Amino acid sequence: MAEMTYRDAINLALKEEMRRDPSVVVLGEDVALYEGSFKVTRGLLSEFGEERVKDTPISENTIIGVAVGAAMGGLRPVAELMTVNFALLAMDQIVNHMAKIHYMFGGQATVPMTIRMPGGGGSQLGAQHSQSLETFFMHCPGMRVLYPATPADAKGLLKSAIRDNNPVIFLEHELLYNSKGEVPEDSEFLVPIGKAAVKRPGEQVTIVAYARMTVLALQAAEELAKEGISCEVVDLRSLAPLDDDTIMASVKKTGRAVVVEECWRTCGLGAEIASRIFENCFDLLQAPVRRVSGLDVPMPYSRKIEKLCIPQAETIVQAVKDVVNGHY
Amino acid sequence: METKLRMVLPDQELLRLYEQMFLSREFEEHCAEQYTKGNITGFLHLYSGQEAVAVGATAGLHKEDYILSAYREHAQAIVRGADPKRVMAELFGKATGLCKGKGGSMHLFDPSLNFMGGYAIVGGQFPISVGLAFSAKYRNEDRITACFFGDGAVNQGTFHESLNWAQLWELPVLFICENNFYGIGTEVHRSSALASIHRRTCGYDIPSEKVDGMDVIAVYKAVKYAAEKVRETGRPYFIEATTYRFRGHSMSDPGKYRSAAEHELWKSRDPLPSFAKRLLEEGIATRQTLDAVEARCKAKVEEAVTFAEESPWPEDSEVYSDIYV
Ligand SMILES: Cc1ncc(C[n+]2csc(CCOP(=O)(O)OP(=O)(O)O)c2C)c(N)n1
Ligand SMILES: [Mg+2]
């Protein structure tokens, strides 16, 4: 184990996989010489050279399409989109091509590629740079969607993503890059895709969260424990496929659930998870499932009101109390 | 003066070009019939009229070269070597189809032939072609990537992004525009500010040329030259082949936006009879030889239809297979 930041854990995963497999290449805007706009690709160019670490034009749709073609041709590209917001320019290659090719060609082509995308709100970057689009990707079959909360999961999941033979969307939260945690140094440390993790065991309420929301959920659980409310925090880690088993096992135990999502509420992943809980655990529920969501608004700039749009530890605390006290 | 055919290719090869064009035409005309019968459903875009492009171009490429195309690609696949039986079965939606009935008319694919797919999003194949060329270069493979597309596709962002990228990264991509002068019902000069498509590559300093896409030999020569250039330089090259589709955009299009006179003019340049005439005139084939070739193609396509008719439907469980590896 070594203590490192989420950023360095991702960087280490990239380096380890590039050392392990010469078919892994990294491409994206400013990933090589500039070492990434969030410095996640630091040291890659100097270690692996410009054959394998490639700056690209500002052509998001083509970045993804080139990665798709390269993957079909036998490489394992890791494309970085500078931020998730720009993925919207690449939705054609992501949804119409990357996620369809294996199926529509009858299983004859595989697309083993990963797209890394920093994202999330909370840095006063305004409406066009603060989005949480995870649900957009989850909606589409044919690709995996991962979103780690801790440095260890970031490392282990990214390594699994790169080794996976399916297309993987790997989301990174911009506000977690400097967060620290213990990370296994073993270069064979992998976190399985499709497995959630119980990050804090508890008895009365299940809080389902992911990425930065997991960090807030853990803070909330800590607060609530002081008031005698015991929460179990399930960190999804994989948004697609969702780990129904872990979610349901927890909710069956606690009988109550709060789902925390940074994305917009309408048709968000919270709605999906809530409905799965209702379908699977209705008889055992002691309260309706509660959602804590990003507000259905474009993100405002001013930090005073931006805060209102993103779930906070306090809003989670309140939601849990409501659920426990029967205030729905 | 036209060059003598024998100076370009040996007799057998010339006859093979004719056979491939005839097979393509025959295949497409049978598709139309099977569509009317309800055996083929969905979108169906036929290639009749454009055969000289696929046939001439494919002959100018190596077997190792990747080929990608749009949704009007039955002939591209068949000329490359795909079994007409399995292509027809794909159009019927049968389990024996090239893609198990999951792709359909617009999504043919055969990796054993390096036929890397038909794509139905206009311009979707540009970046993928660039990516395949990148992987080939990275892996030191001796192959280029031939990317076919229509005149309508050149106004997509991916066209410009991919031309720029291929040149910037020095990738062996041969771009082949099949300019049939219409994107559905919109004529080129109504969609492109510069209607001379091959000239649009100057912004990326990619050499380009225009060729008569109704002349299989002209296409062959141009593509062969271009492919060698791409191989030699490792850089992209661009060909615009002017051609015409004799049918509507798809089966649902009666084609009212084109004048009868225009249609007749192009019909008079039909690549099949004009090539047959040259083969006869230059003593490469007799009428009997051509009759035999034509009969063979007809039999092949009829066999394909029977095969498709008799093939089983996909199992219901196929719905869930091939989503993930
Ligand atoms: C992105 C996208 N926009 C629109 C369409 C609908 N569409 C299908 S074919 C076509 C015309 C394309 O024309 P062209 O590239 O010249 O090819 P052709 O049909 O002439 O072979 C259009 C607009 C589509 N399939 N994809
Ligand atoms: Mg056209």
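If you're matching them up, the sequences are chains A and B in order.
Numbering-wise, the first sequence is residues 986 to 1313 according to our numbering.
Numbering-wise, the second sequence is residues 92 to 416 according to our numbering.
The C-beta atom is built at its ideal place from N, Cα and C for all residues, glycine as well.
A quick note: this is a predicted structure, and the numbers were derived from the prediction, not measured.
Can you tell me the Cα-Cα spacing of Met1098 of chain A and Ile219 of chain B, whole angstroms?
Position 113 of the first sequence, counted from the start, is the residue given in the question as residue 1098 of chain A. Position 128 of the second sequence, counted from the start, is the residue given in the question as residue 219 of chain B. Using only the alpha carbons, I get a separation of about 13 Å.
Quick one: complete alpha helix (DSSP H) runs, 4+ long, within the stretch 139-205 of chain B?
Runs of the alpha helix (DSSP H) lying entirely within the stretch 139-205 of chain B, each at least 4 residues long, are 142-150, 165-171, 175-183 in chain order.
How about Val1243 of chain A and Ile1301 of chain A: are their beta carbons less than 8 Å apart?
Within the first sequence, residue 1243 of chain A is the residue found at index 258, counting from 1. Within the first sequence, residue 1301 of chain A is the residue found at index 316, counting from 1. Yes, Cβ-Cβ distance for Val1243 of chain A and Ile1301 of chain A is below 8 Å.
At least 3 beta-carbon pairs within less than 8 Å: the stretch 197-210 of chain B vs the stretch 992-999 of chain A
As far as the Cβ criterion goes, the stretch 197-210 of chain B does not touch the stretch 992-999 of chain A, which means the pair count is below three.
Starting from Gly241 of chain B, trace the beta strand (DSSP E) in both directions and tell me its first and last residue.
Translated into positions along the second sequence, residue 241 of chain B becomes position 150. Segment 236-241, the beta strand (DSSP E) holding Gly241 of chain B.
Strictly below 7 Å CB to CB, what residues from chain A border His354 of chain B?
For the purposes of this step, residue 354 of chain B is taken as residue 263 along the second sequence, with counting starting at 1. Within chain A, no residue comes near His354 of chain B; the closest Cβ sits about 33 Å away, beyond 7 Å.
So is His153 of chain B in contact with chain A if we call contact Cβ pairs under 8 Å?
Here the question's residue 153 of chain B lines up with position 62 in the second sequence. Taking Cβ atoms only, chain A never reaches closer than 8 Å to His153 of chain B, which makes this a no.
Fully enclosed by the stretch 210-286 of chain B, which beta strand (DSSP E) runs are 3 residues long or longer?
Whole beta strand (DSSP E) segments, 3+ residues: 236-241, 264-270.
Spatial neighbours of Phe113 of chain B within its chain, please: CB distance less than 7 Å, with the 5 preceding and 5 following residues excluded, ordered by chain position.
As a position in the second sequence, residue 113 of chain B is number 22, starting the count at 1. If the five residues before and after Phe113 of chain B are omitted, its C-beta is found closer than 7 Å to the C-beta atoms of Leu363, Val384, Glu385, Cys388, all from its own chain and listed in chain order.
For a contact defined as C-beta to C-beta under 7 Å, what are the partners of Ser359 of chain B on chain A?
Taking the first residue of the second sequence as 1, we reach residue 359 of chain B at position 268. Neighbours of Ser359 of chain B in chain A, taken as residues at a C-beta separation under 7 Å, are lacking, since the least C-beta distance is about 39 Å.
Do Leu105 of chain B and Leu96 of chain B have their CB atoms nearer than 8 Å?
Working through the second sequence from its first residue, we reach residue 105 of chain B at position 14. Working through the second sequence from its first residue, we reach residue 96 of chain B at position 5. At a Cβ-Cβ threshold of 8 Å, Leu105 of chain B and Leu96 of chain B count as neighbours.
So does Tyr273 of chain B have its beta carbon nearer than 7 Å to some heavy atom of ligand 2?
As a first step, residue 273 of chain B is located in the second sequence; it is residue number 182 there, counting from the start. Tyr273 of chain B: yes, Cβ under 7 Å from ligand 2.
Do you know whose CA, among A:Ala1194, A:Lys1024, A:Arg1148, A:Arg1004, lies nearest Glu1032 of chain A's CA?
Counted from its first residue, the first sequence places residue 1032 of chain A at position 47. Looking from the CA of Glu1032 of chain A, the closest CA among A:Ala1194, A:Lys1024, A:Arg1148, A:Arg1004 belongs to A:Arg1004.
Note down, in chain order, all residues in the stretch 1069-1087 of chain A with a beta-carbon under 8 Å from any beta-carbon belonging to chain B.
Only Asp1077, Gln1078, Asn1081, His1082, Ile1086, His1087 from the stretch 1069-1087 of chain A bring a Cβ to less than 8 Å from some Cβ of chain B.
Give me whichever residues DSSP pairs with Thr990 of chain A in a beta bridge.
Within the first sequence, residue 990 of chain A is the residue found at index 5, counting from 1. Thr990 of chain A is bridged to A:Lys1165.
For the candidate residues A:Cys1252, A:Ile1214, A:Leu1201, A:Glu1157, whose alpha-carbon lies nearest to that of Gln1189 of chain A?
Taking the first residue of the first sequence as 1, we reach residue 1189 of chain A at position 204. Residue nearest to Gln1189 of chain A within the set A:Cys1252, A:Ile1214, A:Leu1201, A:Glu1157 is A:Ile1214 (criterion: CA-CA distance).
What residue range does the alpha helix (DSSP H) around Lys1292 of chain A cover?
Here residue 1292 of chain A corresponds to residue number 307 of the first sequence, with the count starting at 1. Note, Lys1292 of chain A: alpha helix (DSSP H), 1288-1294.
Below 8 Å on the Cβ atoms is my contact criterion, and I expect Phe269 of chain B with Gln141 of chain B to pass it. Report the Cβ-Cβ distance as a whole number of Å.
For the purposes of this step, residue 269 of chain B is taken as residue 178 along the second sequence, with counting starting at 1. For the purposes of this step, residue 141 of chain B is taken as residue 50 along the second sequence, with counting starting at 1. Before going on, a small fix: residue 269 of chain B reads as Glu here, not Phe. Sure, about 6 Å apart at Cβ, within 8 Å.
For my contact list, Ala1196 of chain A and Leu1156 of chain A are in at a C-beta cut-off of 8 Å; report their separation, rounded to the angstrom.
For the purposes of this step, residue 1196 of chain A is taken as the residue at position 211 of the first sequence. For the purposes of this step, residue 1156 of chain A is taken as the residue at position 171 of the first sequence. That pair is a contact at about 7 Å.
Three-state secondary structure (DSSP) at Ser408 of chain B?
For this step, residue 408 of chain B is matched to residue 317 along the second sequence. In this structure, DSSP gives Ser408 of chain B a helical state, which the three-state scheme calls helix.
Contacting residues, own chain, Cβ-Cβ under 6 Å from His136 of chain B (five flanking each side not counted)
Within the second sequence, numbered from 1, the residue matching residue 136 of chain B stands at position 45. Excluding residues within five positions, the ones whose Cβ falls inside 6 Å are Tyr162, Arg163, Ser341.
Once you ignore the five residues that flank Leu381 of chain B on each side, which residues in its own chain have a CB closer than 8 Å to its CB?
Position 290 of the second sequence holds residue 381 of chain B. Around Leu381 of chain B: Tyr109, Ala367, Leu370, Leu371.
Nearer than 7 Å: is that true of the beta carbon of His340 of chain B relative to any heavy atom of ligand 1?
Counted from its first residue, the second sequence places residue 340 of chain B at position 249. In terms of side-chain proximity, the C-beta atom of His340 of chain B is found nearer than 7 Å to a non-hydrogen atom of ligand 1.
Is the stretch 1176-1187 of chain A touching the stretch 1215-1233 of chain A in the sense that three or more CB pairs, one from each, lie closer than 8 Å?
Yes, they touch.
Answer with yes or no whether the minimum CB distance from Val1051 of chain A to chain B is below 8 Å.
The residue you call residue 1051 of chain A lines up with position 66 of the first sequence. Under the Cβ criterion of 8 Å, Val1051 of chain A is counted among the residues facing chain B.
Which stretch, first to last residue, makes up the beta strand (DSSP E) that contains Cys1216 of chain A?
If you number the first sequence from 1, residue 1216 of chain A lands on position 231. Where Cys1216 of chain A is concerned, the enclosing beta strand (DSSP E) stretches over 1216-1220.
Beta carbon of Val213 of chain B: closer than 7 Å to some heavy atom of ligand 3?
What this structure holds is ligand 1 and ligand 2, not ligand 3.
Whole-angstrom C-beta distance between Thr1239 of chain A and Glu1217 of chain A, which should lie under 8 Å:
Taking the first sequence and counting its residues from 1, one reaches residue 1217 of chain A at position 232. Taking the first sequence and counting its residues from 1, one reaches residue 1239 of chain A at position 254. Their Cβ separation, rounded to whole angstroms, is 6 Å, which keeps Glu1217 of chain A and Thr1239 of chain A in contact under 8 Å.
Where the beta strand (DSSP E) containing Cys388 of chain B begins and where it ends
Position 297 of the second sequence, counting from 1, holds the residue named residue 388 of chain B. Careful: Cys388 of chain B lies outside any beta strand (DSSP E), inside the alpha helix (DSSP H) at 378-401.
From the beta carbon of Val1130 of chain A, is the nearest beta carbon of chain B less than 8 Å away?
By one-based count along the first sequence, residue 1130 of chain A stands at place 145. The beta carbon of Val1130 of chain A does not come within 8 Å of any beta carbon belonging to chain B, so the residue lies off that interface.
Any heavy atom of ligand 2 closer than 7 Å to the CB of Asp344 of chain B?
Position 253 of the second sequence, counted from the start, is the residue given in the question as residue 344 of chain B. No, since every heavy atom of ligand 2 falls outside the 7 Å radius drawn around the Cβ of Asp344 of chain B.
Could you check where the beta strand (DSSP E) with Val1130 of chain A kicks off and where it finishes?
If you number the first sequence from 1, residue 1130 of chain A lands on position 145. It spans 1129-1131 - the beta strand (DSSP E) in which Val1130 of chain A sits, taken as one unbroken run.
Cβ-heavy atom distance, Asp382 of chain B to ligand 2, below 7 Å
Start at 1 with the first residue of the second sequence, and residue 382 of chain B comes out as number 291. Between ligand 2 and Asp382 of chain B, a heavy atom-to-CB distance of less than 7 Å is absent.
So, are the CB atoms of Gly294 of chain B and Thr333 of chain B less than 8 Å apart?
For the purposes of this step, residue 294 of chain B is identified with residue 203 of the second sequence, where counting begins at 1. For the purposes of this step, residue 333 of chain B is identified with residue 242 of the second sequence, where counting begins at 1. No, the Cβ-Cβ distance between Gly294 of chain B and Thr333 of chain B is not below 8 Å.
Consider the Cβ of Gly208 of chain B: report whether some Cβ of chain A lies at a distance smaller than 8 Å.
Numbered from 1 along the second sequence, position 117 holds the residue referred to as residue 208 of chain B. Chain A, which has a Cβ nearer than 8 Å to the Cβ of Gly208 of chain B, makes this yes.
8 Å contact criterion, which Ala1017 of chain A and Val1038 of chain A should meet: CB distance rounded
Within the first sequence, numbered from 1, the residue matching residue 1017 of chain A stands at position 32. Within the first sequence, numbered from 1, the residue matching residue 1038 of chain A stands at position 53. Confirmed, about 5 Å.
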